[in-house]
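The block underneath contains the structure these notes are about, expressed in structure tokens.
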Amino acid sequence: MNKRTLAILAALGATTIYGLNHTIAKGVMPHYVQPFGFIMFRVVGASILFWIISVFGPKEKIEKKDYLRMLVCAILGMGVNMLVFFKGLALSTPINSAVLITITPIIVLILSALLIKEKILPQKVLGIAIGLLGALGLIVFGSEIRQDAPNIPLGNFLIFMNSVFYGSYLIVAKILIAKYHPFTFMKWLFTLGILICLPFGYTEVTEIDWANLPFEAIWRIIFVVVGTTFCTYLFNIFALTQLRASTLSAFVYVQPLIGILYAVATGKDSLTTLKLLAACLVLLGVYLASRKPKPQLT
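According to our numbering, the sequence shown is numbered sequentially starting from 8.
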């Protein structure tokens, strides 16, 4: 199995976890943990895990000329990106978040062309368009799981901003990951993330009623820290070493598919012909966006 295939599998693994996260994380907020307090769990937990596994990687130092770029990357990917998404998810619904997340590939495609002069191939545009069509189909015909959404317009706006920040993060990270090992890159990013998120999340962490925290909330928190944070960022950063940023972002279309499958498995939704058709469009879109173009003969 070549590295590109592994990268595609890693991207699929990450987006599968993200697809489950829309519902799993929503089940904790805001009853047991407030969104910014949840982010502190994420950055602290992932930082510890990345520092532990970094002993198996090369010993690297960040060059001074990359300090500013690393800080910008941490702000985009480990700071405002997480803060606005979890706050938005707490205010809105899992279905709405899945709709707005599908905007990410469009943002990445535009930023890639503007900032790093990445060529936009017709096949990639077609794949993104088909994937978007399928994702919207899954959302339109899916039933909402939860109604605890106190401010949907604000929540939707914050989730949209998450797509903007995450898309920007992928662009900046693509440049740095070409230079540093993923373990080195991620341990420093999450360490910076702690400092960035601490002013927002400290108070909400102290407000948690630890003595009465049920197992239902505990396993969800562990899933978000280990799965949604540590594993997904590790998978995505590896995928980014082999795939274009715009290609990786196209995998976001699998998230609504996973969400529907999870809802069906837990009895929260039913599978219909329309949903199956939409799911096929999602998979076709990801395939077209991720397929490496054949070299032209001269």
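Each residue gets a CB set at the ideal place from its N, CA and C atoms; glycine is no exception.
Of all alpha-carbon atoms in L202, L220 and T191, the one lying nearest the alpha-carbon of P37 is that of L220. The alpha carbon of I46 has as its nearest neighbour, out of F167, Y269, L140 and V232, the alpha carbon of V232.
For a cut-off of 8 Å, the C-beta gap from L118 to S175 is around 6 Å, short enough to register as a contact. Of the residues assessed, Q262 falls on the buried side of the cut-off, its CB having 16 or more other CB atoms within 10 angstroms. Note that the stretch 132-147 does not touch the stretch 198-210; fewer than 3 beta-carbon pairs, one per stretch, sit closer than 8 Å. The alpha-carbon of A257 is positioned some 42 Å away from that of A218. Sequence-distant partners of L56 (beyond 5 residues in either direction) whose C-beta falls short of 7 Å from its own C-beta, in its chain, are F237. Here DSSP, grouped into helix, strand and coil, assigns R298 to coil. The count of Cβ pairs closer than 8 Å, one atom from the stretch 135-142 and one from the stretch 109-118, reaches three, so the stretches are in contact.
The alpha helix (DSSP H) runs lying completely inside the stretch 169-229 and spanning 4 residues or more are 189-213 and 222-229, given in chain order.
Rounded to whole angstroms, the separation of the alpha carbons of I215 and R11 is 43 Å. Its chain contains G162, L165 and I166 as the residues whose beta carbon lies nearer than 6 Å to that of G95, once the 5 sequence neighbours on both sides are disregarded; these appear in chain order.
Contact between A296 and L264 fails: their C-beta atoms lie close to 15 Å from each other, not under 8 Å. In the three-state reduction of the DSSP assignment, G144 falls in the helix class, which pools H, G and I. Counted as a single uninterrupted DSSP element, the alpha helix (DSSP H) harbouring H29 occupies residues K10 to K33. About 5 Å separates the beta carbons of G26 and G266, which is inside the 8 Å limit, making them a contact pair.
For Q262, the uninterrupted alpha helix (DSSP H) segment begins and ends at V261 to A272. Distance from the CA of N158 to the CA of H29, rounded to the nearest whole angstrom, comes to 17 Å. Taking a 10 Å sphere around the C-beta of L98, we find 16 or more other C-beta atoms and assign the residue as buried.
K94 carries a helical assignment under DSSP once its states are collapsed to helix, strand and coil. Distance from G44 to E211 at the Cβ level is roughly 3 Å; contact confirmed, criterion being Cβ atoms closer than 8 Å. Put simply, the backbone Cα of T273 is about 41 Å away from that of Y187. Exclusion of the five residues before and after G20 leaves F242 as the residues of its chain whose Cβ lies within less than 7 Å of its Cβ. In the DSSP assignment, M85 falls outside any alpha helix (DSSP H), carrying neither H nor E. Separation of I244 and K194 (C-alpha to C-alpha, rounded to the nearest whole angstrom) is 12 Å. Under the three-state reduction of DSSP, Q130 is assigned to helix. Shown here, R76 sits in a helix according to DSSP, grouped into three states.
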